[in-house]
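Residue numbering for the sequence shown follows my numbering, starting at 16 and increasing by one per position. Where a beta carbon is used, it is the ideal one built from N, C-alpha and C, also for glycine. Here's the structure we're looking at; comments come further down.
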Amino acid sequence: MLKKESARFIKSFWNDSNPPGMTEGQINSGRGTECPKPVLPKSRRWLIGSIFSGALASTVGAWYTKYFEPYNLEITHKKIGLCFRSPIASGLKFLHISDLHASGEVPYAYLSSAIDMAIDTQPDLIFATGDFITWRVEDSDQYRKLLNKLTACCPVYACLGNHDGGSWASRHDGYDSTHAIKSLLNSAGIKVLENESEIVTVRQQSIEIAGVGDLWAKDLRPELVLPRMEGDLGKNWERPLFLLAHNPDSKIPLYEYDWDLMLSGHTHGGQLVIPFLDYRPFAPVFDKSHIEGLRQWEGRRWMHITRGIGNRHGVRFNCRPEISLLET
Ligand SMILES: [Fe+2]
16 MLKKESARFI KSFWNDSNPP GMTEGQINSG RGTECPKPVL PKSRRWLIGS IFSGALASTV
76 GAWYTKYFEP YNLEITHKKI GLCFRSPIAS GLKFLHISDL HASGEVPYAY LSSAIDMAID
136 TQPDLIFATG DFITWRVEDS DQYRKLLNKL TACCPVYACL GNHDGGSWAS RHDGYDSTHA
196 IKSLLNSAGI KVLENESEIV TVRQQSIEIA GVGDLWAKDL RPELVLPRME GDLGKNWERP
256 LFLLAHNPDS KIPLYEYDWD LMLSGHTHGG QLVIPFLDYR PFAPVFDKSH IEGLRQWEGR
316 RWMHITRGIG NRHGVRFNCR PEISLLET
């Protein structure tokens, strides 16, 4: 019985005809002349090859997306000297980091090596634009020690993101206020600007740093920290102004206000970018034309959006994590 079944299978798998030199009776009886080597028709070989190649590519791609690219951090360099209406000294280095997303998917060991890479660039100032955690702080002492490495390098200024507490986070198992994260950051020496500003001097260059609350958390209160726009070009600032706003879509409610260069994160660059098409289907922003990089907006205003250090859901594809060094 088994012999008959296997013979039928062999027959159907070959050319849908008997093998050369064998009759159907010889196949069924298992006897006959010497059995020739089976040759698959081209269409079936192509099909099997395609299935095998597809399965292999999917496995390698999934491994790369989960275990390699989320930790394949790069440092990018951009020139920002022309982004301000008032003069700024050349040779200054500002580090822009964002979206550390400390969590089970973004472990402290990875964040520690990322911070080591960041401080190796020897910046004059560090700007961090929110989402320090994904949902909750796990081991606040360890996180504080990591963040202390940044503040031991140079002054660090931060704004908060939607994951750092508030109305959006409370609806998604996060903190219902920003108190816990602000306390952690303050204890590490990081200055949090929540609808506040501060003037600092860096190597004899005076600059102003303004920070606003998060858009999705409904904490964005620009009227507390920025002047309204006067005319199409705004006024000339006395000194360069950096505006920290986690979500790049904040530019829409900030349209009426006067600013030069806004630093944002939030998008993670889209995390998954379709090669050749530059299509980023999961970027969580309304304006898909501003997902990463240094871009001019509405004439004379500028935005820099960094892809961030961490991620959500532990995956990245064609979108490496980023530390951005902005140089004048
Ligand atoms: Fe984020």
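Beta carbon of LEU110 nearer than 8 Å to that of LEU340: yes
Beta-carbon gap between LEU259 and CYS174 smaller than 8 Å: In contact: LEU259 and CYS174 (Cβ atoms closer than 8 Å).
Alpha helix (DSSP H) runs wholly inside the stretch 76 to 156, at least 4 long, in chain order: You should have 123 to 135.
Cβ contact check for the stretch 69 to 86 and the stretch 226 to 244: 3 or more pairs under 8 Å: no
Contact the stretch 301 to 321 vs the stretch 178 to 185: 3+ CB pairs below 8 Å: Result no; under three Cβ-Cβ pairs closer than 8 Å.
Inter-residue spacing [alpha-carbon to alpha-carbon] between MET244 and GLU271: 6 Å
Span separating the alpha-carbon of ASN43 from that of ALA72: Because the pLDDT at ASN43 is just 48, under 50, the model does not fix this residue reliably, and the value given afterwards should be weighed accordingly. So the alpha carbons of these two residues sit roughly 40 Å apart.
Sequence-distant residues of the same chain with beta carbon closer than 6 Å to GLY323, five excluded per side: Once the five neighbours on either side are set aside, the close Cβ partners of GLY323 are SER113, ASP114, GLY280, HIS283.
PHE67, DSSP secondary structure in three states: PHE67 falls in the helix class under three-state DSSP.
Any non-hydrogen atom of ligand 1 within 7 Å of GLY176 CB: yes
Validate contact between the stretch 287 to 301 and the stretch 124 to 141 using beta carbons, cut 8 Å, 3 pairs: With the cut-off at 8 Å, the stretch 287 to 301 and the stretch 124 to 141 do not touch.
Those runs of the beta strand (DSSP E) which lie wholly inside the stretch 232 to 317 and span at least 3 residues: 256 to 259, 276 to 279, 308 to 312
According to DSSP, residues forming a beta bridge with CYS174: THR144
The beta strand (DSSP E) enclosing ILE338, as first and last residue numbers: 337 to 342
Assigned exposure category for LEU200 - 16 Cβ within 10 Å defines buried: buried
Backbone secondary structure at SER212 - three-state DSSP: strand
TYR190 to ARG100 span [Cα, whole Å]: 39 Å
Same chain only: Cβ atoms within 7 Å of SER155, ignoring 5 sequence neighbours per side: LEU199
Ligand 1 heavy atom lying under 7 Å from the CB of HIS92: no
VAL217 - partner residues in DSSP beta bridges: Looking at the DSSP output, VAL217 bridges to GLN220.
ILE3 in three-state terms, based on DSSP: Residue 3 falls outside the range modelled here, since the chain spans only 16 to 343, and no answer is possible.
Check whether SER212 and ILE224 have beta carbons under 8 Å apart: yes
Same chain only: Cβ atoms within 6 Å of GLY204, ignoring 5 sequence neighbours per side: THR166
Residues surrounding ligand 1 [beta-carbon distance to nearest heavy atom under 5 Å]: ASP114, ASP146
Cβ-Cβ separation, GLY176 to GLY4 (assumed contact under 8 Å), whole Å: There is no way to answer for residue 4, as the model of the chain reaches only from 16 to 343.
Beta-carbon separation (whole angstroms), GLY285 vs VAL121, contact threshold 8 Å: Going by Cβ atoms, the distance from GLY285 to VAL121 rounds to 17 Å, so no, they are not a contact pair.
Same chain only: Cβ atoms within 6 Å of HIS92, ignoring 5 sequence neighbours per side: LEU340
Beta-bridge pairing of VAL7 - partner residues as DSSP gives them: Residue numbering for the chain in the displayed model covers 16 to 343; residue 7 lies beyond these limits and cannot be assessed.
For LEU107, the nearest candidate out of GLY308, GLY96, PRO56 (CA to CA): GLY96
Sequence-distant residues of its chain with Cβ nearer than 7 Å to ASN333 (five each side left out): Around ASN333: VAL288, PRO290.
Alpha helix (DSSP H) segment containing HIS194, residue limits: 194 to 202
Buried or exposed by the 16-neighbour rule on C-beta atoms within 10 Å, applied to LYS266: Under this definition LYS266 is a buried residue.
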